[in-house]
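First comes the structure, then the notes that go with it.
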Amino acid sequence: MARVSDCMLRKGMLVWSALGPTEVPCEVPGPWGGGPGRWKLHLMERADFQYSQRELDTIEVFLTKSSRGNRISCMYVRCVPGARYTLLFSHGNAVDLGQMSSFYIGLGSRINCNVFSYDYSGYGVSSGKPSEKNLYADIDAAWQALRTRYGISPDSIVLYGQSIGTVPTVDLASRYECAAVVLHSPLTSGMRVAFPDTKKTYCFDAFPNIEKVSKITSPVLIIHGTEDEVIDFSHGLALSERCPKAVEPLWVEGAGHNDIELYSQYLERLRRFISQELPSQRA
1 MARVSDCMLR KGMLVWSALG PTEVPCEVPG PWGGGPGRWK LHLMERADFQ
51 YSQRELDTIE VFLTKSSRGN RISCMYVRCV PGARYTLLFS HGNAVDLGQM
101 SSFYIGLGSR INCNVFSYDY SGYGVSSGKP SEKNLYADID AAWQALRTRY
151 GISPDSIVLY GQSIGTVPTV DLASRYECAA VVLHSPLTSG MRVAFPDTKK
201 TYCFDAFPNI EKVSKITSPV LIIHGTEDEV IDFSHGLALS ERCPKAVEPL
251 WVEGAGHNDI ELYSQYLERL RRFISQELPS QRA
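Numbering-wise, UniProt numbering puts 103 at position 103 of the sequence shown, and it's gapless, one number per residue.
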């Protein structure tokens, strides 16, 4: 019998522990655990938030493996049965799938999309250490898992990156065509965040989104708060100007780095982009 495990969501963290058999199937590819396993999401009473059973039934979690040998934890939230699009969501810094899962349920339900996300190497229960190279390998592994495990075609995938998550998102979008790209509070490059007066991209500059965004061939929606205290609003402007496939951006007046989703125009713009603009471009 394959090893069966539970995924405990406690205080916003995903913790894997071996338990007895479960009725929720979920194959886990790779050599760890002695073969395929089945996984389910289990909430301890100490969890910071609780889900209804209906919500729990929409969430599937599993591990996949990156090309750099790290185990990457993944989460698929089936918010809307038969949804036209699935977001491949690369989250921001200092969070993991456990902390983001309730947001994914709410977002997907409101914009009629399913949501697939993953933790970077060294985040949550993903193995390895955070690095730029690992970021790119991690999203490649997530992209392949979404396509092969769930049979989602590229023209049904919207790549969504938030903050540091825009780095792997831009890199992947510059190499693969997809339905669309959303860049939420994006950075132009690491040097430009640390040293705002930087005018050119040096060979040692990490996360050079500004050099890759012009290679994206899918429609790109850029969202940025005008009062962003972490990644200045000028980064969103610069990327919008450099990106030939940019659509009408959303500049949220007064919003900072971590509160854009609290403004009504956030959901309004996403809905219009996904439900109206993308279908019209495909027609």
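Every residue gets a Cβ at the ideal spot worked out from N, C-alpha and C, and that includes glycine.
Should G161 go down as buried or exposed, given a rule of 16 or more other Cβ atoms within 10 Å for buried? Sequence index remark: in the sequence shown, residue 161 carries index 161 (1-based). Label assigned to G161: buried.
Proximity to I216 [Cα-Cα], best of P130, C243, V230 and G236: Taking the first residue of the sequence shown as position 1, residue 216 is located at position 216. Of the candidates P130, C243, V230 and G236, the one whose C-alpha sits nearest the C-alpha of I216 is C243.
Of the listed residues Y263, R84, R271 and L239, nearest to G151 (C-alpha basis): Reading the sequence shown from its first residue, position 151 is the one you call residue 151. Residue R84 is the option with its Cα nearest to G151.
Of the residues A142, V182 and P208, the one placed nearest R269, counting alpha carbons only: The sequence position of residue 269 within the sequence shown is 269, counting from 1. The shortest C-alpha separation from R269 is found at V182.
Tell me whether the beta-carbon of A141 lies closer than 9 Å to the beta-carbon of I72. Position 141 of the sequence shown, counting from 1, holds the residue named residue 141. Position 72 of the sequence shown, counting from 1, holds the residue named residue 72. Contact: yes.
For G34, the three-state DSSP class (helix, strand or coil): Here residue 34 is taken as the residue at index 34 of the sequence shown, counted from 1. Caution applies to G34, whose pLDDT of 32 falls short of 50 and renders its modelled position unreliable; the model cannot decide the point.
Helix, strand or coil for G128, going by three-state DSSP, please let me know. Locating residue 128 in the sequence shown gives position 128, counting from the first residue. In this structure, G128 counts as coil in the three-state DSSP scheme.
Quick check on the DSSP output: the alpha helix (DSSP H) that includes K65 runs from which residue to which? Reading the sequence shown from its first residue, position 65 is the one you call residue 65. Per DSSP, K65 belongs to no alpha helix (DSSP H); it is in the beta strand (DSSP E), I59 to K65.
What do you reckon, are the CB atoms on residue 290 and K212 nearer than 9 Å? This structure cannot settle anything about residue 290, because the visible part of the chain is limited to 1 through 283.
Would you kindly check if the distance between the Cβ of C79 and the Cβ of D119 is under 9 Å? The count along the sequence shown starts at 1 and reaches residue 119 at position 119. The count along the sequence shown starts at 1 and reaches residue 79 at position 79. Not in contact: D119 and C79 (Cβ atoms no closer than 9 Å).
Would you call the segment 106-126 in contact with the segment 85-92, where contact means no fewer than 3 C-beta pairs closer than 8 Å? In short, these stretches touch, since the Cβ pair count reaches three.
Should Y202 be labelled buried (16 or more other beta-carbon atoms within 10 Å of its own) or exposed? Counted from its first residue, the sequence shown places residue 202 at position 202. Classification for Y202: exposed.
R110 beta carbon less than 9 Å from that of R271: Mapped onto the sequence shown, residue 271 falls at position 271. Mapped onto the sequence shown, residue 110 falls at position 110. Cβ atoms of R271 and R110: closer than 9 Å.
Would a C-beta distance cut-off of 9 Å place G225 and V193 closer than the cut-off? Here residue 225 refers to the residue found at position 225 of the sequence shown. Here residue 193 refers to the residue found at position 193 of the sequence shown. Against a cut-off of 9 Å, the Cβ pair of V193 and G225 comes out as no contact.
Does the separation of the CB atoms of residue 294 and P168 fall below 9 Å? A question about residue 294 goes unanswered here, because the residues of the chain that appear run from 1 up to 283.
Thinking C-beta only, is G122 closer than 9 Å to G98? Start at 1 with the first residue of the sequence shown, and residue 98 comes out as number 98. Start at 1 with the first residue of the sequence shown, and residue 122 comes out as number 122. Pairing G98 with G122 gives a Cβ-Cβ distance that is not under 9 Å.
Integer Cβ distance of H235 from T188, believed to fall under 8 Å: For the purposes of this step, residue 235 is taken as the residue at position 235 of the sequence shown. For the purposes of this step, residue 188 is taken as the residue at position 188 of the sequence shown. About 5 Å separates the CB atoms of H235 and T188; that is less than 8 Å, so the two are in contact.
For E177, I'd like the list of residues in its chain whose CB is within less than 7 Å of its CB, leaving aside the five on either flank, ordered along the chain. In the sequence shown, residue 177 corresponds to position 177, counting from 1. A distance below 7 Å between beta-carbons, with the five flanking residues on each side excluded, links E177 to the following residues of its chain, in chain order: P154, T217 and S218.
For L250, which residues in the same chain have their Cβ closer than 8 Å to its Cβ, ignoring the five residues on either side in sequence? By one-based count along the sequence shown, residue 250 stands at place 250. In the same chain as L250, and ignoring 5 residues on each side of it, the C-beta atoms closer than 8 Å to its own belong to L221, I222, I223, H224, Q265, Y266 and R269, in chain order.
Quick one: residues in its chain with C-beta nearer than 6 Å to the C-beta of R282, no 5 flanking neighbours on either side, listed in chain order? On the sequence shown, residue 282 is found 282 positions in, with the first residue counted as 1. If we look at R282 and ignore the five residues flanking it on each side, it has no Cβ neighbours.
Can you tell me which of D197, T198 and G190 puts its alpha carbon nearest to the alpha carbon of F207? Taking the first residue of the sequence shown as position 1, residue 207 is located at position 207. The shortest Cα separation from F207 among D197, T198 and G190 belongs to G190.
Tell me the rounded alpha-carbon separation between N93 and S280. Locating residue 93 in the sequence shown gives position 93, counting from the first residue. Locating residue 280 in the sequence shown gives position 280, counting from the first residue. In this model, N93 and S280 are separated by some 34 Å (Cα to Cα).
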